[in-house]
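Numbering-wise, my numbering comes out as the position in the sequence shown, counting from 1, plus 3.
Backbone N, C-alpha and C fix where the C-beta goes; we use that ideal spot for every residue, glycine too.
Just so you know, these numbers come straight off a predicted model, no measurement behind them.
What follows is a set of notes on a single structure, which appears directly below.
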Amino acid sequence: MATSKECDALSLTNLVLSELTNVGLSTEKILSQCYDGASVMSGKHGGMQKVASDKLNREVPYVHCFNHQLHLVVVHAMSSEGALDDFSPGHQAMVSVIMKSLDSIIHLFREIENTRTYGTEVRLGAVGLLKAVSEPSFRFIAFMVHKVLSLLDPPKKLLQAEATDLYTGIRVVHSAHNCMEKLQHNSEFDELWEKYKDMDTPAPSKRQRVVSSNLKEYVVETTVGQQEEGNERECKSVFFSTLDAVLGEMSARFNERNSQLVEALCALHPERETFMDVEKVKPVLDLISGDFVEAEFYCRTPVSTD
């Protein structure tokens, strides 16, 4: 096995290409690349995938593990929104536990807060956590995250199956993307908001807040230091920015070019409905710089499918 002490993209690319030549394989036959997701390999501007394409003077598509890419979609999208830090790294099972047990969790924190035997440090920690999970927006965001993850979890499980091929994987991801796009409507937010806005469990106030008696005869047009009730606008912003981040990550990681190539390969399979479809096959022929006569496809297709 070839090894290298140099770990930069150029050195690794030279090593791979030289090894292929040493074993008698022509680099002209390379149709795609598949590496780990590390930037030195997958980088679009300075990674191995870019260096290899430059050295071969043609496009050599990079294919990454679909399941890993989908996981990175969740991680990167959620890390881009500060309000979702409490639910990082975005495991649906963890969020489900929080949702089902939230009332019990709040009850436990209150019990710890009022029980001196737990010690000062533990009680202070419970007070802080109680305040966090009792925020009006916490429950809404928890259910929102669960809704997003529930759309991505089935594709993740399917992509782990050995029987799942590239074409099926692409279709599953596109289906999840379409479902996510349907959430980008005010009606979807309103439905979720109306369902969970009244389920909040506010933390008990240590003292009653009252408006200064000096202001009773005036119309107050600015803040007086009290926290305003209602977090609908904040939650709406988080809702749509999260969807934008997820959809953006999915589009970037599952680009249209690779999807076209996968569909083109499937169009070469006799049992596919798109078998020998000119438009479907063309991306692969372009990739290998193959010449073809379009009329021959129409002549041979009926014979090949019988």
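With respect to the alpha helix (DSSP H) encompassing residue i, which residues constitute its N-terminal and C-terminal limits?
| i | result |
| --- | --- |
| residue 133 | 123-136 |
| residue 38 | Premise fails: residue 38 is in no alpha helix (DSSP H) and is neither H nor E. |
| residue 256 | 235-256 |
| residue 286 | 281-290 |
| residue 32 | Here residue 32 belongs to no alpha helix (DSSP H), and DSSP marks it neither H nor E. |
| residue 166 | Run containing residue 166: none; DSSP gives neither H nor E here. |
| residue 193 | 189-199 |
| residue 25 | 12-25 |
| residue 75 | 69-82 |
| residue 54 | 51-59 |
Can you tell me the Cα-Cα spacing of residue i and residue j, whole angstroms?
| i | j | result |
| --- | --- | --- |
| residue 52 | residue 239 | 39 Å |
| residue 82 | residue 198 | 26 Å |
| residue 158 | residue 172 | 8 Å |
| residue 151 | residue 243 | 11 Å |
| residue 273 | residue 280 | 11 Å |
| residue 20 | residue 155 | 37 Å |
| residue 234 | residue 137 | 13 Å |
| residue 31 | residue 18 | 16 Å |
| residue 45 | residue 118 | 54 Å |
| residue 70 | residue 162 | 6 Å |
| residue 143 | residue 185 | 19 Å |
| residue 145 | residue 102 | 7 Å |
| residue 55 | residue 48 | 11 Å |
| residue 189 | residue 237 | 14 Å |
| residue 108 | residue 72 | 33 Å |
| residue 86 | residue 241 | 7 Å |
| residue 153 | residue 167 | 20 Å |
| residue 8 | residue 285 | 41 Å |
| residue 76 | residue 120 | 44 Å |
| residue 29 | residue 10 | 24 Å |
| residue 2 | residue 14 | Limits of the chain in this structure are 4 at one end and 309 at the other, which puts residue 2 out of reach. |
| residue 122 | residue 68 | 48 Å |
| residue 290 | residue 175 | 25 Å |
| residue 288 | residue 271 | 11 Å |
Going by other Cβ atoms of all chains shown within 10 Å of its Cβ, with 16 needed for buried, is residue i buried or exposed?
| i | result |
| --- | --- |
| residue 16 | buried |
| residue 61 | exposed |
| residue 164 | exposed |
| residue 116 | buried |
| residue 78 | exposed |
| residue 256 | buried |
| residue 133 | buried |
| residue 50 | buried |
| residue 80 | buried |
| residue 135 | exposed |
With distance defined between alpha-carbon atoms, name the residue in the options nearest to residue i.
| i | options | result |
| --- | --- | --- |
| residue 170 | 33, 66, 183, 59 | 66 |
| residue 177 | 263, 47, 54 | 263 |
| residue 283 | 268, 274, 290 | 268 |
| residue 111 | 18, 10, 129, 56 | 129 |
| residue 98 | 12, 127, 149 | 149 |
| residue 39 | 189, 180, 56, 12 | 12 |
| residue 1 | 43, 4, 105 | Residue 1 cannot be examined here, being either before or after the span of the chain that is shown, 4 to 309. |
| residue 74 | 253, 192, 175 | 253 |
| residue 105 | 183, 141, 160 | 141 |
| residue 196 | 249, 266, 27, 147 | 147 |
| residue 248 | 9, 22, 84 | 84 |
| residue 36 | 63, 125, 121 | 63 |
| residue 245 | 182, 187, 100, 123 | 187 |
| residue 179 | 194, 131, 250, 125 | 250 |
| residue 59 | 43, 160, 33 | 33 |
Does any residue of chain C have a CB that is nearer than 9 Å to the CB of residue i?
| i | result |
| --- | --- |
| residue 16 | The structure shown has no chain C; it contains just one protein chain. |
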